[in-house]
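For reference, the structure discussed in these notes is given below.
In this note's numbering, the protein residues as written are 8 to 221.
Have a look at this one:
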């Protein structure tokens, strides 16, 4: 199945109306992140990358050092990963200042029928060590646009206008939180929970009890 990237286009770009629109941050739970991969570069002048040149990611979801997105805003992201010592902070600076982040997120607001996928470039502004994890405070710089005929990503400046679909996702999530609504997570069948969900489904049948383990 082809991945669906949400990217900016001249028609979808909407100027930010206020600083607050890009400053509120959505706390990200683990359930919202379906895929995550991170690459680093010490150059911010990225314009076009072929996938073969992009190479394997430095970090990938579910594998050491277990990267996590802690929060997202329309104009930034907080990313963290495990590290054994704060002394690794100095060595890590050689990989900065650019982080290319691919992430697929659940649309917990119900506004889309499928998850949203993004490839964005972030400038790392702050690096902090805390309780066995390194935290990166990053500001949005680039929007990765997939080429329609090649395995190529074109990167456009996203500092001024952001990424329209990501901004909308943040606004919807913030609106839910401000109104005290429960965030709706994936509620359909999950293969990694199939047996547990089967038990629940069987218990919901009138007059039907789950057979005890043999």
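Backbone N, C-alpha and C define an ideal beta-carbon position, used for all residues, glycine too.
Worksheet entry | Continuous beta strand (DSSP E) stretch holding residue 44: start and end | Position 37 of the chain shown holds residue 44. Residues 40 to 48.
Discussion item. I'd like the list of long-range same chain contacts for residue 49, defined as Cβ closer than 8 Å, with 5 residues on each side in sequence excluded.
Written reply: Walking along the chain shown from the start, residue 49 turns up at place 42. Cβ neighbours of residue 49 beyond the five flanking positions: 101, 102, 103, 104, 105.
Worksheet entry | Proximity winner among 140, 33, 144, relative to residue 132 (alpha-carbon distances) | Within the chain shown, numbered from 1, the residue matching residue 132 stands at position 125. Of the listed residues, the one whose Cα sits closest to residue 132 is 144.
Worksheet entry | Whether residue 149 touches residue 168 by CB criterion (9 Å) | Position 142 of the chain shown, counting from 1, holds the residue named residue 149. Position 161 of the chain shown, counting from 1, holds the residue named residue 168. In this structure, residue 168 does not lie closer than 9 Å to residue 149 by Cβ.
Worksheet item: In this structure, does DSSP put residue 124 in helix, strand or coil?
Response: The count along the chain shown starts at 1 and reaches residue 124 at position 117. In the three-state DSSP reduction, residue 124 falls in the strand class (E or B).
Worksheet item: Do residue 32 and residue 87 have their CB atoms nearer than 9 Å?
Response: As a first step, residue 32 is located in the chain shown; it is residue number 25 there, counting from the start. As a first step, residue 87 is located in the chain shown; it is residue number 80 there, counting from the start. No; because the gap between Cβ atoms is not below 9 Å, this pair is not in contact.
Worksheet item: Alpha carbon to alpha carbon, what distance is there between residue 108 and residue 91?
Response: Translated into positions along the chain shown, residue 91 becomes position 84. Translated into positions along the chain shown, residue 108 becomes position 101. Rounded to whole angstroms, residue 91 to residue 108 spans 23 Å at the Cα level.
Worksheet entry | Check whether residue 67 and residue 160 have beta carbons under 9 Å apart | Along the chain shown, one-based indexing puts residue 67 at 60. Along the chain shown, one-based indexing puts residue 160 at 153. No, the Cβ-Cβ distance between residue 67 and residue 160 is not below 9 Å.
Discussion item. DSSP three-state label for residue 54, please.
Written reply: Position 47 of the chain shown holds residue 54. Coil.
Worksheet item: What residues in its chain sit with their C-beta under 6 Å from that of residue 135, if we drop five residues either side in the sequence?
Response: In the chain shown, counting from the first residue as 1, residue 135 sits at position 128. When the five nearest sequence neighbours on each side are left out, the beta carbons in the same chain lying within less than 6 Å of the beta carbon of residue 135 are those of 142, in order along the chain.
Worksheet item: Is there at least one non-hydrogen atom of the ligand NAD closer than 8 Å to the beta-carbon of residue 158?
Response: Ligands in the displayed structure: none, and consequently the ligand NAD is not present.
Fill in: CA-to-CA distance, residue 127 to residue 40, given in whole angstroms
Working through the chain shown from its first residue, we reach residue 40 at position 33. Working through the chain shown from its first residue, we reach residue 127 at position 120. Rounded to the nearest angstrom, the two C-alpha atoms are 15 Å apart.
Fill in: Residue span of the alpha helix (DSSP H) that contains residue 206, given as start and end
Indexing the chain shown from 1 puts residue 206 at position 199. Taken as a continuous stretch (DSSP letters only), the alpha helix (DSSP H) holding residue 206 covers 201 to 210.
Fill in: Selected residue, minimal CA-CA separation from residue 44, among 99, 61, 52
For the purposes of this step, residue 44 is identified with residue 37 of the chain shown, where counting begins at 1. Cα-wise, what sits closest to residue 44 is 61.
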